[in-house]
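Engineer:
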Amino acid sequence: MAEDFMPLDGWDHVEFWVGNAKQAAYFYEHAMGFTRTAYAGPETGVRDRASYVLEQGDIRFVVTSALREEHEITKHLAKHGDGVRDIALTVPDATQAYREAVSRGARSVAEPYTVEDEFGTLERSAIATYGDTIHTFVNRSAYNGPFVPGYVSVSSNGHRDAGVGLLALDHMVGNVELGRMNPWVEFYETVFGMTNILHFGDDQIQTEYSALMSKVMSSGNGKIKFPINEPAEGKRKSQIEEYVEFYGGAGVQHIALASSDIVGTVSAMKERGFLFLDTPDSYYDEAPVRVGEIAEDYAVLQQHNILVDRDDDGYLLQIFTKTAQDRPTVFFEVIERHGATTFGEGNFKALFEAIEREQALRGNL
Ligand code: FE2
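First residue of the sequence shown: 12, per this note's numbering; consecutive thereafter.
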């Protein structure tokens with residue numbers, strides 16, 4: 012058993028580095044129901060970038076763009092496109108978290124430092140993880156401001172969005188290069204004291220044509236969950252390989268957001284123009300057999316293309332969006348858990364196979 016030497020209080024925020032933060036903020040507000048709560052940029056004394064903070068439930072996104080060519084964010088953008096730079100975690104002590112992480116082999120990105128303004132003091136530090144992705148440690152226990160010092164409160168077009176029912180971050184998935192899953196699993200074991208909690212199934216999720224390997228790392232308190240995928244050999248190009256090729260290396264593949272009313276959330280997002288993956292009707296011929304009785308009506312799930320899976324502890328409902336930028340890289344998941352603690356592994360196979368059956372019916376397989 013891993014020791015709990017890295018206390019993690021929860022997700023702090025997810026920062027995206029994007030080409031146009033002003034427009035990205037509008038997308039997350041209007042297509043996904045986030046409320047713009049804070050801003051930093053030239054008007055607040057930040058000279059090199061503009062950042063917008065977006066909140067819904069307990070979820071906090073930050074979208075940031077650089078203002079000039081010669082900038083780390085601009086280089087990141089050219090290489091990766093819009094993507095997740097920082098999976099920031101709230102910790103009780105950002106100095107201690109940093110020292111533990113670095114002493115256990117993590118690469119330093121920012122040594123511990125404190126920033127303050129009239130709202131108090133905030134302590135931060137950062138380490139590197141896969142690709143060009145980082146983990147910032149944030150201790151905000153002595154801070155009451157809108158986000159962090161340097162940011163000012165703003166309102167979204169004068170009103171607060173009612174949201175679409177997204178409540179919390181459930182898990183964040185990383186795609187890594189072929190052969191790199193186990194080294195990153197070891198990184199999260201060694202540096203964070205996380206454990207591999209994949210409950211069932213073999214490591215490889217395989218249909219006749221597509222394959223990937225996946226392991227799930229979890230913090231001791233279960234608040235932070237990081238599934239990590241790598242491509243596996245199949246007849247066709249693995250979707251993970253496609254990601255790595257277009258992202259220019261390892262990075263965040265999808266961000267799963269929890270809802271307690273997935274049908275309502277998905278309906279609202281569709282109404283706002285968010286696009287989701289379709290599910291073939293054949294999927295729903297087998298879903299009731301595979302998953303059994305659930306509180307929801309399968310016909311309603313089918314109408315909304317919502318997937319269902321069961322594990323030893325219960326069931327879950329989930330749906331995946333189309334990618335959120337032109338590169339086939341980052342996308343979102345909406346998930347509603349009814350006891351289930353896994354991640355819908357049953358759906359990978361069922362969904363891919365259902366898609367392949369549809370292909371076969373068209374004579375294209
Ligand atoms: Fe997921």
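Even glycine gets a Cβ: it sits at the ideal position worked out from N, Cα and C.
Counting only runs that start and end within the region 308 to 353, where is the beta strand (DSSP E) found for 3 or more residues in a row?
Structural biologist: Listed in chain order, the complete beta strand (DSSP E) runs (minimum 3 residues) inside the region 308 to 353 are 318 to 322, 325 to 331, 342 to 349.
Engineer: By Cβ distance, which residues of its chain are closer than 7 Å to Arg247, with the 5 residues on each side in sequence left out?
Structural biologist: Only Tyr220, Ser221 meet the Cβ criterion.
Engineer: What number of angstroms, rounded off, separates the C-alpha of Glu80 from the C-alpha of Asp324?
Structural biologist: Each residue's Cα considered, the two are about 51 Å apart.
Engineer: Please list, in chain order, all residues of the same chain as Thr46 whose beta carbon is under 6 Å from its beta carbon, the five residues on each side excluded.
Structural biologist: Within the same chain, Thr46 has close Cβ partners Glu66, Ser167, Arg171, Asp172.
Engineer: Quick check: Val274 and Ile305, are their CB atoms within less than 8 Å of each other?
Structural biologist: The answer is no: Cβ separation not under 8 Å.
Engineer: Run through the DSSP bridge pairs and tell me what Pro242 is partnered with.
Structural biologist: According to DSSP, Pro242 bridges with Leu223.
Engineer: Residue ranges of each alpha helix (DSSP H) run of no fewer than 4 residues wholly in the region 76 to 124, ordered along the chain?
Structural biologist: Within the region 76 to 124, the complete alpha helix (DSSP H) runs of at least 4 residues are 83 to 91, 105 to 114.
Engineer: Residues near ligand 1, CB to any non-hydrogen atom under 6 Å, in chain order?
Structural biologist: Working through the chain, the matches are His182, Val184, His265, Ala267, Glu344, Phe354.
Engineer: Could you please give me the residues that DSSP links to Met43 through a beta bridge?
Structural biologist: Bridge partners of Met43: none, in fact.
Engineer: Which residues does DSSP pair with Tyr63 in a beta bridge?
Structural biologist: In the DSSP output, where bridge partners are listed per residue, Tyr63 has Tyr50, Val74.
Engineer: Is it true that the CB of Val277 sits closer than 8 Å to the CB of Val341?
Structural biologist: Not closer than 8 Å, so no.
Engineer: Relative to the C-alpha of Gln453, which candidate in Arg301, Ile330, Asp322, Val302 has its C-alpha closest?
Structural biologist: Limits of the chain in this structure are 12 at one end and 376 at the other, which puts residue 453 out of reach.
Engineer: Kindly indicate which three-state DSSP category Tyr141 falls into: helix, strand or coil?
Structural biologist: Correct three-state label for Tyr141: coil.
Engineer: Rounded to whole angstroms, what is the Cα-Cα separation between Ala361 and Leu223?
Structural biologist: Their backbone Cα atoms lie some 14 Å apart in a straight line.
Engineer: Here's the rule: buried if 16 or more other CB atoms are within 10 angstroms of the residue's CB, otherwise exposed. What is Asp23?
Structural biologist: Asp23 comes out buried.
Engineer: How about the region 227 to 241 and the region 155 to 164: do they share at least three Cβ pairs that are nearer than 8 Å?
Structural biologist: Contact between the region 227 to 241 and the region 155 to 164 is absent, because fewer than three Cβ pairs lie under 8 Å.
Engineer: Where does Asn186 sit, in a helix, a strand or coil, going by DSSP?
Structural biologist: DSSP places Asn186 in strand when its eight states are reduced to three.
Engineer: Could you compute how far the alpha carbon of His210 sits from the alpha carbon of Gly190?
Structural biologist: Bear in mind that a pLDDT of 49 at His210, under 50, signals an unreliable position, so the number given afterwards is only what the model happens to contain. In a straight line, the C-alpha of His210 is about 22 Å away from that of Gly190.
Engineer: Shortest alpha-carbon distance to Ser114 belongs to which of Glu252, Ser249, Val202?
Structural biologist: Closest by alpha carbon: Val202.
Engineer: By Cβ distance below 7 Å, which residues in the same chain neighbour Gly212 in space, the five residues on each side in sequence not counted?
Structural biologist: At Gly212, the pLDDT of 42 sits below 50, so the modelled position is not reliable; the number obtained from the coordinates is stated separately. Hits under 7 Å: Glu356.
Engineer: Can you look up Leu133 in the DSSP assignment and give me helix, strand or coil?
Structural biologist: Reduced to three states, the DSSP call for Leu133 is strand.
Engineer: Please classify Arg135 as buried or exposed, where buried requires at least 16 other C-beta atoms within 10 Å of its C-beta.
Structural biologist: When all chains shown are included, Arg135 counts as buried.
Engineer: Can you check DSSP and say which residues form a bridge with Thr201?
Structural biologist: According to DSSP, Thr201 bridges with nothing at all.
Engineer: What is the DSSP secondary structure of Val255, reduced to helix, strand or coil?
Structural biologist: The answer is helix: DSSP assigns Val255 an H, G or I state.
Engineer: Would you mind reading off the limits of the alpha helix (DSSP H) that contains Ser270?
Structural biologist: First-last for Ser270: 262 to 270, but that is the beta strand (DSSP E), not the alpha helix (DSSP H).
Engineer: Going along the chain, which residues of its own chain have a beta-carbon closer than 6 Å to the beta-carbon of Gly284, five neighbours each way excluded?
Structural biologist: Taken in chain order, the residues that qualify are Ala42.
Engineer: In this structure, does DSSP put Met17 in helix, strand or coil?
Structural biologist: Coil, per DSSP.
Engineer: Mark Asp272 as exposed unless 16 or more other C-beta atoms lie within 10 angstroms of its C-beta, in which case mark it buried.
Structural biologist: Result: exposed.
Engineer: How would you write the range of the alpha helix (DSSP H) that Tyr162 sits in, first residue to last?
Structural biologist: Run containing Tyr162: none; DSSP gives neither H nor E here.
Engineer: Under three-state DSSP, which class holds Ser278?
Structural biologist: Helix, per DSSP.
Engineer: Going by the CB atoms, is the gap between Arg348 and Ser293 shorter than 8 Å?
Structural biologist: Taking 8 Å as the Cβ cut-off, Ser293 and Arg348 do not qualify as a contacting pair.
Engineer: Is Ile273 helix, strand or coil by DSSP?
Structural biologist: Helix.
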